[in-house]
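Residue numbers 608 to 1084, in the numbering used here, belong to the letters of the sequence shown in order. The C-beta atom is built at its ideal place from N, Cα and C for all residues, glycine as well. This report concerns only the one structure given below.
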Amino acid sequence: MTETESIAYDVVVLGAGPVGENVADRTRAAGLSTAVVESELVGGECSYWACMPSKALLRPVIAQADARRLPGLAAAVQGPLDTAKITARRDAFTSHWKDDGQVGWLEGIGADVHRGHGRITGPREVTVAGADGTERVLTARHAVAVSTGTRAVLPELPGLAEVKPWTSREATSAKEAPGRLIVVGGGVVATEMACAWQALGSQVTLLVRGKGLLNRMEPFAGELVAEALGEAGADVRTGTSVASVTREDGTVVVVTDGGERIEADEILFATGRAPRTDDIGLDTIGLEPGSWLPVDDSLRVTGSDWLYAVGDVNHRALLTHQGKYQARIAGAAIAARASGVPLLETDPWGAHAATADHSAVPQVVFTDPEAAAVGLSLAEAEQAGHRVRAVDYDLANVSGASLYGDGYRGRARMIVDLEREILLGVTFVGPGVGELIHSATIAVSGEVPISRLWHAVPSYPTISEVWLRLLETYRDN
Ligand SMILES: Cc1cc2nc3c(=O)[nH]c(=O)nc-3n(C[C@H](O)[C@H](O)[C@H](O)COP(=O)(O)OP(=O)(O)OC[C@H]3O[C@@H](n4cnc5c(N)ncnc54)[C@H](O)[C@@H]3O)c2cc1C
Ligand SMILES: NC(=O)c1ccc[n+]([C@@H]2O[C@H](COP(=O)([O-])OP(=O)(O)OC[C@H]3O[C@@H](n4cnc5c(N)ncnc54)[C@H](O)[C@@H]3O)[C@@H](O)[C@H]2O)c1
608 MTETESIAYD VVVLGAGPVG ENVADRTRAA GLSTAVVESE LVGGECSYWA CMPSKALLRP
668 VIAQADARRL PGLAAAVQGP LDTAKITARR DAFTSHWKDD GQVGWLEGIG ADVHRGHGRI
728 TGPREVTVAG ADGTERVLTA RHAVAVSTGT RAVLPELPGL AEVKPWTSRE ATSAKEAPGR
788 LIVVGGGVVA TEMACAWQAL GSQVTLLVRG KGLLNRMEPF AGELVAEALG EAGADVRTGT
848 SVASVTREDG TVVVVTDGGE RIEADEILFA TGRAPRTDDI GLDTIGLEPG SWLPVDDSLR
908 VTGSDWLYAV GDVNHRALLT HQGKYQARIA GAAIAARASG VPLLETDPWG AHAATADHSA
968 VPQVVFTDPE AAAVGLSLAE AEQAGHRVRA VDYDLANVSG ASLYGDGYRG RARMIVDLER
1028 EILLGVTFVG PGVGELIHSA TIAVSGEVPI SRLWHAVPSY PTISEVWLRL LETYRDN
């Protein structure tokens, strides 16, 4: 028989990924009693099957590629990577898929962790079904925050389930490199995982249905990454779709839309994400199960005064750092409303408005070379009706870049809003540029005028001197 317990809180957070954890952090800091519901591991996709394990796999790959561009060091790093040691280090970064540390952290801030599958069962009510058959009804005096994230989407190909394809979960947690790996997709997961597993010992074939990789960034980002993947030995095929896939005697067999047959040991589908909202009780409150949850800038779901959707699940920006930013804002908005503040600071850039989601989202793709961007690309800026100029610079001509590695290849672009003389977007592609993007994020989110950027002097000889070159190029052309 099911035993039901009922507990009242100020706030109930559904989903304890990085975003749910941060909502709880802020509501607890405001003195609100907070329950956090988690059906798998506290820490979410990011900690166990996404950001952390993928970057732990990629870090030695990038370090080796950098070292190979330095005479005197290159010879010392010619051998293959030690995949077993790298996956062991990756396992340590995922705490061996145990969440005691993160549970302890949540308990340390005074949040109650409820393990089990949570479903909304009415206004301000979440029912948690525990694995042991228990049921707890959690009621929220002020807010329910949904931060249930996403899952991988697989294309509808007949017999795909029998092939047992990899999704991002298997690609980030595999113990060994498959001899041959087909990667389907041209987005961030596909390019990062193709780069990682090619270097870790697989022969990778990347099947991209579109014209190129990373198509949300400036076109040169995908071009430079594709070129480097090819040089690393991967077979990058653009304009290629999977017509059928089967597993024959253990071997994966893909037939492409062009009729080519490709064999592999494993196949990874990195073909996008869907919201984990199909089984969280949205129908009980008049919302569509399986849909992304649209929100206002305080992260409150359209039409509701108690339901918030934070992180991946609202589809604003599927990135951990951006979800955590939203969590800080949602937590502050929940706390302000709970304390009866009559007017919230919801104007652009106010304390209760996730304004950066619209105009200043940064992202780093951790491939060799790295691709990093913030704000709008040229195409996005033009589409939005801005009068803009794209200013380009070849990173190879920056002293700091040529010192960084011989034969340095990279490119930078800034998008100048010609009306306001501020930057709408910046993209850097090249080895070592990931750490540069925050300078651009400050320029874009701060709407720093070009006239003032001249006074932000980059140190010599760093790759950051590209800032000076971009300003000179803008001034002189
Ligand atoms: C391979 C890969 C690499 C990535 N690398 C990066 C990166 O380098 N940098 C970056 O910024 N972003 C990266 N991302 C994106 C990043 O993982 C997500 O943006 C981030 O995890 C979103 O956090 P979240 O808390 O919204 O959701 P999630 O991390 O998905 O967490 C949601 C949590 O909710 C739980 N949950 C779901 N439904 C229920 C329910 N009904 N009841 C109880 N609990 C539930 C889940 O178990 C999960 O723990 C990567 C993504 C992938 C796939
Ligand atoms: N370093 C990072 O910041 C990082 C790393 C990984 C993932 N992420 C985030 O996670 C999210 C998910 O990434 P993703 O790469 O899974 O999704 P994505 O939406 O970025 O890319 C999906 C790719 O699959 C292709 N595709 C979709 N359906 C297909 C089909 N049926 N057949 C062939 N190709 C198909 C698309 O054209 C696209 O190239 C992204 O928003 C990304 O920003 C971030």
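| Query | Result |
| --- | --- |
| Please list, in chain order, all residues with a C-beta atom less than 6 Å from at least one heavy atom of ligand 2. | Pro762, Val791, Gly792, Gly793, Gly794, Val795, Val796, Ala797, Glu799, Arg816, Gly817, Ser848, Ala877, Thr878, Gly879, Arg880, Leu925, Leu926, Gln970, Val971, Val972, Phe973 |
| Closer than 7 Å: is that where the CB of Arg675 sits relative to any heavy atom of ligand 1? | no |
| Using DSSP's beta-bridge definition, name the partner residues of Gly982. | Gly1032 |
| Looking at the unbroken beta strand (DSSP E) that takes in Phe973, where does it start and where does it end? | Careful: Phe973 lies outside any beta strand (DSSP E) and carries neither H nor E. |
| State yes or no: is the C-beta of Glu838 within less than 8 Å of the C-beta of Arg787? | no |
| Could you tell me if the beta carbon of Thr625 falls within a distance shorter than 7 Å of some heavy atom in ligand 1? | The sequence given here has Pro at residue 625, not Thr. Yes. |
| Under the DSSP definition of a beta bridge, which residues are partnered with His1062? | In the DSSP output, where bridge partners are listed per residue, His1062 has none listed. |
| Measure the alpha-carbon distance for Gln933 versus Ala958 and round it to whole angstroms. | 11 Å |
| Would you tell me roughly how many angstroms separate the C-alpha atoms of Gly888 and Arg1076, rounded to the nearest one? | 54 Å |
| Would you say Ala960 touches ligand 1, meaning its beta carbon is less than 7 Å from a heavy atom? | no |
| Please list the segments of the alpha helix (DSSP H) lying wholly inside the stretch 823 to 849, counting only runs of 4 or more residues, in order along the chain. | 826 to 838 |
| Determine the contact status of Glu763 and Arg1020, defining contact as a CB-CB distance below 8 Å. | no |
| Find out if the Cβ-Cβ distance for the pair Tyr1000, Thr878 is shorter than 8 Å. | no |
| So which of Ala986, Gln805, Val630, Ala997 has the shortest CA-CA distance to Asn822? | Ala986 |
| For Ser613, which beta-bridge partners are listed by DSSP? | Val744 |
| Any idea which residues DSSP pairs Gln810 with across the strands? | Arg787 |
| Tell me where the alpha helix (DSSP H) around Val630 begins and ends. | 625 to 636 |
| Just tell me which of Ala615, Ala937, Thr1034, Asn1004 has its CA closest to the CA of Val981. | Thr1034 |
| Tell me whether Val908 is buried or exposed, calling it buried when 16 or more other Cβ atoms sit within 10 Å of its Cβ. | buried |
| Under the assumption that Leu820 contacts Gly808 (Cβ atoms under 8 Å), give the Cβ distance between them as a whole number of angstroms. | No, Leu820 and Gly808 are not in contact; Cβ-Cβ is about 22 Å, not under 8 Å. |
| Rounded C-beta distance between Gln709 and Gly766? I'm assuming under 8 Å. | Not really, about 38 Å apart at Cβ, beyond 8 Å. |
| So is the beta-carbon of Ile941 under 7 Å away from any non-hydrogen atom of ligand 1? | no |
| My understanding is that Ala841 touches Gln805, with C-beta atoms under 8 Å, so please give their C-beta distance in whole angstroms. | 5 Å |
| What residue does the alpha helix (DSSP H) around Arg770 start on, and which one ends it? | In the sequence as displayed, the identity of residue 770 is Val instead of Arg. Start and end: 767 to 770. |
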